[in-house]
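Peer 1:
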Amino acid sequence: MEKPQFLQNSLSKTNQVLIGLTVIFCTLILVIILSGYMSEDSQLDEPHNQNELYAVGDDSFPPFSFLRDGTPTGYDVEIMQTIAQDLNRTVHIELMEWAEAVRQIEHGEKDILIGVAIIDERKNYFDFTERTINQRSARFMRRDDFNLPTQDLSRWNGTVAGQIGDMNTIRLKDAYPNLTIQEYPNQIQAMQAIINGSADLFIGNYYVGMYTLQSLQAQHLLKTVGDPESERPYGLAVKKGNTALLSELNQAIDRMKQSGEMKKIRDRWFGEAFFADTLMPYLITLLVLSG
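Numbering follows this note's numbering, with no gaps: position 138 of the sequence shown is 1323.
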């Protein structure tokens, strides 16, 4: 039996309403799902609280930055901690192989690179703070090796030990293709290569080199050769363009200089008594592990 026309019209309208409600319901569900994904993505884009700072540095660069019983310590670490206190911000400091620390700042994964020489080659990737201390490089050889290289190394065919990612190593590779260069994760292992005869020359940080030799009581094994390099400024770095953070750091550094706090930290880490025994257990352990 055929349904009346008015009943067909009523059923048709009911179906339209149900279809409309279904579409609205599905749309709402889709919006909720997409909002959830966007919220997760937003959280991923903001890895830490705005009041927190994440700093990275070299884990084997004494006395500037190194690990003592797994805890970051050193001149650069104390400078960074004092800056964070001045800014009333929380700082998380992680020390690692130098090349990885540099990569993390270049890619914006962390905020601050502690302990870096302020040189032109790095200005394409980083913005630098005011200096916190001066640095210079030096050349180390075995004391019984008299095959001294010329200053420019262009006619010397020895083997050079260097640190991966260190500007001294990068410059050598670019300027002197005649050299055989052995790269190590840190400067302590590179110096050990000179001591055990695996390489002829190490070019790296003068203060780290002297600190290592004195801590190991190994001054009789190596010597510095060539003309000493001029000192250059050394401080902190942020990713290129992070001007807001750079300004905060510079203001804190300036206050530390004005108050004398920076000098106090420098004196604590570079006093004569400190060189005698503070790093002996750490350095011996590192050299044993590195072979």
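For each residue, glycine too, the CB sits at the ideal point set by N, CA and C.
1. Please list, in chain order, all residues of the same chain as E1282 whose beta carbon is under 6 Å from its beta carbon, the five residues on each side excluded.
2. Does the distance from the CB of Q1320 to the CB of Y1396 come in under 9 Å?
3. Tell me, to the nearest whole angstrom, how far the beta carbon of D1271 is from that of M1441; I am working on the premise that it is less than 8 Å.
4. Excluding the 5 residues flanking G1456 on each side, which residues of the same chain have their C-beta closer than 8 Å to its C-beta?
5. Is E1263 close to chain D, meaning its C-beta is less than 9 Å from at least one C-beta of that chain?
6. Have a look at S1400, K1449, D1305, V1410 and flag the residue whose alpha-carbon is nearest the alpha-carbon of A1323.
7. Identify which residue in D1439, L1357, Y1361 has its Cα closest to the Cα of S1339.
8. Report the start-end ranges of each alpha helix (DSSP H) in the region 1359 to 1430 that is 4 residues or longer and not cut off at the edges.
9. Closer than 8 Å is the cut-off here; do at least three beta carbon pairs connect the region 1294 to 1313 with the region 1423 to 1433?
10. In or out: Y1222 buried (at least 16 other Cβ within 10 Å) or exposed?
11. Can you tell which of K1408, L1406, R1327, R1316 has its C-alpha closest to the C-alpha of L1434?
12. Quick check on the burial criterion: 16 or more other C-beta atoms within 10 angstroms. Buried or exposed for N1353?
13. Could you tell me which residues DSSP puts in a beta bridge with Q1258?
14. Taking Q1235 as part of the beta strand (DSSP E), name the residues at either end of that continuous run.
15. Of all the options I1349, F1331, T1275, which has the alpha carbon lying nearest to the alpha carbon of Q1374?
16. Determine whether the beta carbon atoms of S1400 and P1247 lie at a separation below 9 Å.
17. Per DSSP, which residues does G1242 bridge with? Please list them.
18. For A1384, count the other beta carbons within 10 Å of its own beta carbon; 16 or more makes it buried, fewer makes it exposed. Which is it?
19. Evaluate the contact criterion for the region 1384 to 1393 versus the region 1329 to 1348: three or more CB pairs, one atom per stretch, below 8 Å.
20. Below 9 Å between beta carbons: does that hold for L1398 and R1327?
21. Just to confirm, are M1376 and F1325 a CB contact at a threshold of 9 Å?
22. What are the start and end residues of the beta strand (DSSP E) that includes R1327?
23. Restricting to Cα atoms, I'd like to know which of G1255, L1431, D1254, V1262 is closest to G1242.
24. Rounded to the nearest angstrom, what separates N1363 and I1264 at their Cα positions?
25. Strictly by DSSP, which residues pair up with F1311?
26. With a CB to CB cut of under 8 Å and the five nearest residues on each side skipped, what residues in its chain are close to S1432?
27. For V1301, which beta-bridge partners are listed by DSSP?
28. Closest to L1286 by CA distance: which of E1368, G1255, Y1260, S1250 is it?
29. What are the boundary residues of the beta strand (DSSP E) that Q1348 is part of?
30. Can you grab the Cα-Cα spacing for the pair L1430 / I1379, in whole Å?
Peer 2: Looking at the atomic coordinates:
1. P1370
2. no
3. 7 Å
4. none
5. Of the protein chains in this structure there is only one, and it is not chain D.
6. V1410
7. Y1361
8. 1372 to 1380, 1391 to 1400
9. yes
10. Residue placement at Y1222 is flagged as unreliable, the pLDDT there being 47, under the threshold of 50; the coordinate-derived value follows with that caveat. By the neighbour-count rule (16 or more Cβ atoms within 10 Å), Y1222 is not buried but exposed.
11. R1316
12. buried
13. It is Thr, not Gln, that sits at residue 1258 in the sequence shown. Answer by DSSP bridge pairing, in chain order: F1251.
14. Element bounds for Q1235: n/a, residue is neither H nor E.
15. I1349
16. yes
17. L1280
18. buried
19. yes
20. no
21. yes
22. 1322 to 1327
23. V1262
24. 40 Å
25. K1424
26. none
27. G1420
28. Residue identity check: residue 1286 is Ala in the sequence provided, not Leu. Nearest option by C-alpha distance: S1250.
29. 1344 to 1348
30. 40 Å
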